[in-house]
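The block underneath contains the structure these notes are about, expressed in structure tokens.
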């Protein structure tokens, strides 16, 4: 294969044992369906309850869409490979999967930073919250997350699309990511790898610094609240988002900013599962179980649905 153009890659995946592949298929399928259901609930509830039609929940709805998109970039293909027993993926599909994953993942980071800014304004500048977090600004933050993400990745992906692949075609992962693909090119890619690392550092640490700065100011403001109930209410509106930020950034820093090596690939795959699968699955439960308003809205919606069903039967 030395002088041939690679048209397919081999995704190593999780295991070669067939019964384990079948078990993983059903496990991932259940997780995927639960993730879709949970995030669709988070997306829908603010539309059904006027109490949740605020900038915070507007951003949360967009975040739930991103979570659905993020898990859908990799898991459906992984399910197909597990069900069919194949490990092959065409260059075009691999490139598309990689492009959409990085685009959605980067937009995810920028939107998390926007949500932290929203919490900062709500707690540190409550009197100006309505004027600052206007519908126009919220829309700009969401669109800005997508546009910035696309601008951020367009150059490295143009370069990736023009790389020659004529040698090894084995990707030790369960999905296509940019860094493993770049390393398979049959040309010197050190400059591109360094460029990718700089962009990853900028997007991860740049947005992480916005989150950290926002929460430092939030905690400082909360500590100056005299009443215990006031402090608890302020913390309750932030703790869910802080948990999600911790899950997301801890996995991203390990995957993209820590040294890589062949002995770390299995661990990297486990962290990727945490980032791709566990995070989007847990986020709806984190936001609903730790948020009194969401729980009340969910209970009211379920109660109304039950009344409607009973009325229809009568």
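Numbering (the UniProt record's numbering), first residue to last: 1 to 314. For every residue, glycine included, the Cβ atom is placed at its ideal position computed from N, Cα and C.
DSSP places residue 89 inside the beta strand (DSSP E), whose first and last residues are 88-90.
Within the region 98-175, the complete alpha helix (DSSP H) segments at least 4 residues long are 129-132, 135-161, listed from N- to C-terminus. The three-state reading of DSSP puts residue 9 in strand, counting E and B together. Secondary structure of residue 49 (DSSP, three-state): coil.
Residue 210 places its beta carbon 7 Å or farther from that of residue 69. Fully contained in the region 175-220 are the following alpha helix (DSSP H) runs of length 4 or more, in chain order: 178-184. In the DSSP assignment, residue 230 falls within the unbroken alpha helix (DSSP H) covering 228-252.
Annotation: residue 202 to residue 304 spans about 47 Å, alpha carbon to alpha carbon. Taking the C-beta atoms as reference points, residue 157 is found no nearer than 7 Å to residue 185. Proximity to residue 129 across 54, 206, 284, 298 peaks at 54, based on C-alpha coordinates. The residue from 151, 297, 31, 178 with its alpha-carbon nearest to that of residue 277 is 31. Scanning its chain for C-beta atoms nearer than 7 Å, with the 5 sequence neighbours on each side dropped, one finds around residue 287 the residues 42, 60, 240, 294, in chain order.
Here residue 14 has 24, 174 as same chain residues with Cβ atoms under 7 Å from its own Cβ, once five neighbours each way along the sequence are excluded. Minimum Cα-Cα distance from residue 251 among the listed residues 274, 229, 85 corresponds to 274. Taking the C-beta atoms as reference points, residue 28 is found nearer than 7 Å to residue 79. In this structure residue 7 touches residue 91 by the C-beta definition: roughly 6 Å separates them, less than 8 Å. Rounded to whole angstroms, the gap between the alpha carbons of residue 169 and residue 213 is 43 Å.
By alpha-carbon distance to residue 11, the top candidate from 242, 269, 192, 217 is 269.
Of all C-beta pairs linking the region 102-118 to the region 138-150, three or more are shorter than 8 Å, placing the two stretches in contact. Residue 135 is classed as exposed because its beta carbon has fewer than 16 other beta carbons within 10 Å across all chains shown. In the DSSP annotation of this structure, the continuous segment of the alpha helix (DSSP H) that includes residue 72 starts and ends at 55-72. Straight-line measurement puts the Cα of residue 190 at about 53 Å from the Cα of residue 296.
Counting along the chain, the unbroken alpha helix (DSSP H) around residue 79 starts and ends at 75-84. DSSP, read as helix, strand or coil, puts residue 276 in helix.
Taking the Cα positions, residue 119 is about 35 Å away from residue 176.
The beta carbon of residue 58 lies closer than 6 Å to those of 138 in the same chain, with the five residues before and after it left out. The alpha-carbon separation between residue 142 and residue 151 amounts to approximately 15 Å.
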